[in-house]
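J.:
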Amino acid sequence: MNVQSHLEKITRLESLRGRLDPLQDFELWFWAGMTAGTHAVNAALHHGGITASDDMYPMQPGVYLIPQPDGGLKPAFRSVGDILHVGRPVIEAPVPEDVASMMHLMETIEQYRDPCVREGVMPTAAIIEECDAALRHCLRLLSDRMNGDGHGH
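Per the working numbering, the very first residue in the sequence shown carries number 279; after that it's consecutive.
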């Protein structure tokens, strides 16, 4: 995907999160936030020229769906474009400090994925606050990058 597409998805996901109750709708709220943050990291990686911003969609690390002339999608091996999650795939190229911070913030959020979404651990107000604060900070770093502030070079 390209930077603009990532930004548009972040806007839609943030709108959805705003309509959800973080505690009552935790799983949807959490996935929307985690997905928005992943889009933010991808936008920052593309903006920094670290990953390809081609018109392709990740399936698995190294495997992307590529749009075809007939409107369909075909899987193909490609170099790193969009990441699925931080560390999946690992980014081998040097990453600017602000993007590394964004990635760390996403790890802060993702540490709650398995316990709270898959293993039945009940989310708490503290978990919700930690996830929300990490996402807010991640999105601020992206905004700074897009506005030309703090590229972290």
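Note that beta-carbon positions come from the ideal geometry of N, C-alpha and C, so glycine has one too.
Does the beta-carbon of PHE355 have 16 or more other beta-carbons within 10 angstroms, so that it is buried, or is it exposed?
T.: Locating residue 355 in the sequence shown gives position 77, where the first residue counts as 1. Answer is exposed; the Cβ neighbour count stays below 16.
J.: So, with DSSP's three-state summary, where would you put PRO300?
T.: Looking up residue 300 in the sequence shown gives position 22. PRO300: coil per DSSP, three-state reduction.
J.: What is the DSSP secondary structure of HIS431, reduced to helix, strand or coil?
T.: Numbered from its first residue, the sequence shown carries residue 431 at position 153. Here HIS431 scores only 43 on pLDDT, less than 50, and its place in the model should not be relied on; the value that follows carries that caveat. If DSSP states are grouped into helix, strand and coil, HIS431 belongs with coil.
J.: My understanding is that LEU361 touches VAL319, with C-beta atoms under 8 angstroms, so please give their C-beta distance in whole angstroms.
T.: Position 83 of the sequence shown, counting from 1, holds the residue named residue 361. Position 41 of the sequence shown, counting from 1, holds the residue named residue 319. The sequence given here places Ile at residue 361; Leu does not occur at that position. Yes, they are in contact, since the Cβ atoms of ILE361 and VAL319 sit about 7 angstroms apart, within 8 angstroms.
J.: Identify the residues that DSSP records as bridge partners of LYS352: which are they?
T.: On the sequence shown, position 74 is the one that residue 352 refers to. Beta-bridge pairing links LYS352 to ILE344.
J.: Return the Cβ separation of TYR390 and ILE405 in integer angstroms, given the expectation that the two are a contact with Cβ distance under 8 angstroms.
T.: Taking the sequence shown and counting its residues from 1, one reaches residue 390 at position 112. Taking the sequence shown and counting its residues from 1, one reaches residue 405 at position 127. Indeed, because the Cβ distance is near 6 angstroms, the residues count as touching under 8 angstroms.
J.: What is the rounded straight-line gap between the Cα of VAL364 and the Cα of THR313?
T.: For the purposes of this step, residue 364 is identified with residue 86 of the sequence shown, where counting begins at 1. For the purposes of this step, residue 313 is identified with residue 35 of the sequence shown, where counting begins at 1. For VAL364 and THR313, the distance between alpha carbons rounds to 11 angstroms.
J.: Between which two residues does the beta strand (DSSP E) containing MET400 stretch?
T.: Here residue 400 refers to the residue found at position 122 when the sequence shown is read from its first residue. Looking at the DSSP string, MET400 is not in any beta strand (DSSP E), and its letter there is neither H nor E.
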